[in-house]
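> One structure, as structure tokens, below. Some questions next.
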Amino acid sequence: MTDKRAIGVFDSGVGGLTVYRALRAALPQEDFVYLGDTARLPYGTKSGETIKHYAAQAAARLREEDVKLLLVACNTASAQALPDLRERHPDIPCLGVVEPGARAAAGSSATGRIVVLATEGTVRSGAYRDAIHRLRPDAQVRGLACNLLVALAEEGWCEGLEAEAIVSRYVRQLGDDPFDTLVLGCTHFPLLAATLRRLLPSSVAVIDSAQTTARAVTAYLAEHDLEQSEKGRSGRNLFLVTDAPERFLLLAQRFLPEIDVNGVELVALRNA
Ligand code: DGL
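As structure tokens, then:
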């Protein structure tokens, strides 16, 4: 069995490319359609109702591309809109990044003391905490909103004095309460992983939800007979944005120079 349809990836903008990069590496034979809602980012500071509305529109647009699976790469949208998307699209799998990240954290932590760094919206939703508690009711989960790290990553300031100063200020906010696992619960944060690593005790495990999500999608496709199984095939990519394709391209090059973002198309989203 082979399913030749593409995988739809949705994010608020360019950050989801960290998830796309992990997916591309894990699934080289698959086609992807990536939709970045660049007209309306950031999502991290908006209300849950607004995020649901935006996510519904984005999902409807990706359905027009006949995708076989919808992956919400944006942590904020996964945290706030995934149940709604599943209700609206019961005929295709809708996966997010929170569940795989939570599963990896629950599995990796010896003490059950887990920190989640994310946007304000993701922390407010409690989605990581709830997902970790479902797997491990004894866990003590703390969320810390780190909105400024989004801008830092987009500026390309992921290493060096400025990055260390800002990241260490957030790390200090965690106080003296010990933890042994930290989840990068935002699309942009894997780019700051090296700086965070330097500022955290070496005993702390850092969970990259982009990597864990790529593994979850790969397993899902295999278990449900949805893989593109043509051997040696190089999958195609389509990048869609809701505003300023040239800025998306520029940021993509700065942010993830190893990714080949060929053409970027401008699209308008309709009410869903
Ligand atoms: N993509 C968002 C997330 O992972 C970060 C950027 C934004 O706030 O839109 O939560």
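Its first residue numbered 3, the sequence shown is counted upward by one per residue in our numbering.
Heads up, the beta-carbon is just placed ideally off N, CA and C, and yes, glycines get one too.
Please give the ranges of any alpha helix (DSSP H) in the stretch 179-245, keeping only runs that are unbroken, at least 4 residues long and fully inside the region.
Complete alpha helix (DSSP H) runs here, min 4: 195-201, 211-225.
> Between residue 175 and the rest of its own chain, which residues show a CB-CB distance below 8 Å, the 5 nearest in sequence each way excluded?
Contacts found: 146.
> Does DSSP classify residue 9 as helix, strand or coil?
Residue state, collapsed to three classes: strand.
> Could you tell me whether the Cβ atoms of residue 95 and residue 237 are closer together than 8 Å?
For residue 95 and residue 237, no; Cβs fall outside 8 Å.
> With respect to the beta strand (DSSP E) encompassing residue 98, which residues constitute its N-terminal and C-terminal limits?
Counting along the chain, the beta strand (DSSP E) containing residue 98 begins and ends at 96-98.
> Between residue 194 and residue 208, how many whole angstroms is the CB-CB distance? I'm expecting something under 8 Å.
Not really, about 10 Å apart at Cβ, beyond 8 Å.
> Note down the Cα distance separating residue 239 from residue 118, rounded to an integer number of angstroms.
For residue 239 and residue 118, the distance between alpha carbons rounds to 31 Å.
> The ligand DGL and residue 55: does the residue's C-beta get closer than 7 Å to at least one heavy atom of that ligand?
No.
> Spatial neighbours of residue 273 within its chain, please: C-beta separation below 8 Å, excluding the five flanking residues on both sides.
Cβ neighbours of residue 273 beyond the five flanking positions: 59.
> Of all the options 218, 213, 261, 182, which has the alpha carbon lying nearest to the alpha carbon of residue 204?
Nearest option by C-alpha distance: 182.
> In terms of residue numbering, what span does the alpha helix (DSSP H) encompassing residue 51 cover?
Its alpha helix (DSSP H) spans residues 50-65.
> Let me check understanding here. Comparing Cα to Cα, which of 90, 218, 168, 228 lies closest to residue 275?
Residue 275 falls outside the range modelled here, since the chain spans only 3 to 274, and no answer is possible.
> Touch check for the stretch 59-74 and the stretch 84-104: three-plus C-beta pairs under 8 Å?
These segments touch.
> Is the distance from the Cβ of residue 10 to the Cβ of residue 77 below 8 Å?
The answer is no: Cβ separation not under 8 Å.
> For residue 254, collect the residues of the same chain with a Cβ closer than 7 Å to its Cβ; drop the 5 residues on either side in sequence, then sort them by chain order.
Hits under 7 Å: 16, 19, 261, 263.
> Comparing C-alpha positions only, which one of 123, 259, 191 sits nearest to residue 45?
It is 123.
> DSSP three-state label for residue 120, please.
In the structure shown, residue 120 sits in a strand (DSSP, three-state: E or B).
> With the cut-off set at 8 Å, would you say residue 212 and residue 57 are in Cβ contact?
Contact flag unset, no.
> May I ask whether a heavy atom of the ligand DGL can be found less than 7 Å away from the beta carbon of residue 49?
No.
> Can you tell me whether DSSP reads residue 42 as helix, strand or coil?
Correct three-state label for residue 42: coil.
> How many Å lie between residue 50 and residue 85 at the Cα?
Residue 50 and residue 85: Cα-Cα distance of roughly 12 Å.
> Rounded to the nearest angstrom, what separates residue 270 and residue 36 at their Cα positions?
About 14 Å.
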